Amino acid sequence: MFRPVRRAAFFDLAHPERPPHEDVALQAALEGHRAKGDLVVMVVDSLRPFPRTLPAEGILLRLSPSATRDMDKCTTVVEAMARLCIDPVSCFGYGDLCTGTGLLGVVGNPRVIACSADSRRLAQELSWPVIMTPSTV
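Going by the working numbering, the first residue of the sequence shown is number 31, and it counts up by one from there.
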């Protein structure tokens, strides 16, 4: 029986390699969304290898190097939600604020992987939850 997708979780992986503790936090979030039956969407740079520490199951949006800018990621995610008939308000987005807010700004449930004190401060100003990684706890 067909079950329509009600929610999706977008993971912004189109930036340079993250420290291992950030991958641990992303892995936990990814597993949580899969357990709830959410669609998992990885947004990656087409020229970078896929992070080996994260499972490559789900939908993969490969961006060309020229399309990894903040607004391009935003547009790509909005188009994906429209094509999949998913309400953006119900979607989650995971990313850091060091590479921009585009992906996080178009979903109803942004989650920030803090990459600096400035990103934590900006997340607090925007009232966006910060994923606490093991090295920051």
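Quick reminder that beta carbons are idealized off the backbone N, C-alpha and C, glycines included. In this text, all values refer to a predicted model and were calculated from it rather than measured experimentally.
Run the CB neighbour count on Ser157, radius 10 Å, all protein chains shown included, and call it buried at 16 or more, exposed below. If you number the sequence shown from 1, residue 157 lands on position 127. By the 10 Å Cβ count, Ser157 comes out exposed.
Which of the three DSSP states is assigned to Pro159 in this structure? Position 129 of the sequence shown, counted from the first residue, corresponds to residue 159. Correct three-state label for Pro159: coil.
Within 8 Å, do at least three Cβ pairs link the stretch 60-69 to the stretch 145-159? no
Use the C-beta contact count for Cys115: other C-beta atoms within 10 angstroms, 16 or more gives buried, fewer gives exposed. Looking up residue 115 in the sequence shown gives position 85. By the 10 Å Cβ count, Cys115 comes out exposed.
Please report the distance separating the alpha-carbon of Leu56 from that of Tyr124. Locating residue 56 in the sequence shown gives position 26, where the first residue counts as 1. Locating residue 124 in the sequence shown gives position 94, where the first residue counts as 1. About 8 Å.
Ignoring anything shorter than 4 residues, give me the alpha helix (DSSP H) runs that lie fully in the stretch 103-151, in order along the chain. 132-135
Go ahead and pull the three-state DSSP assignment for Ala38. One-based indexing of the sequence shown puts residue 38 at position 8. Residue state, collapsed to three classes: strand.
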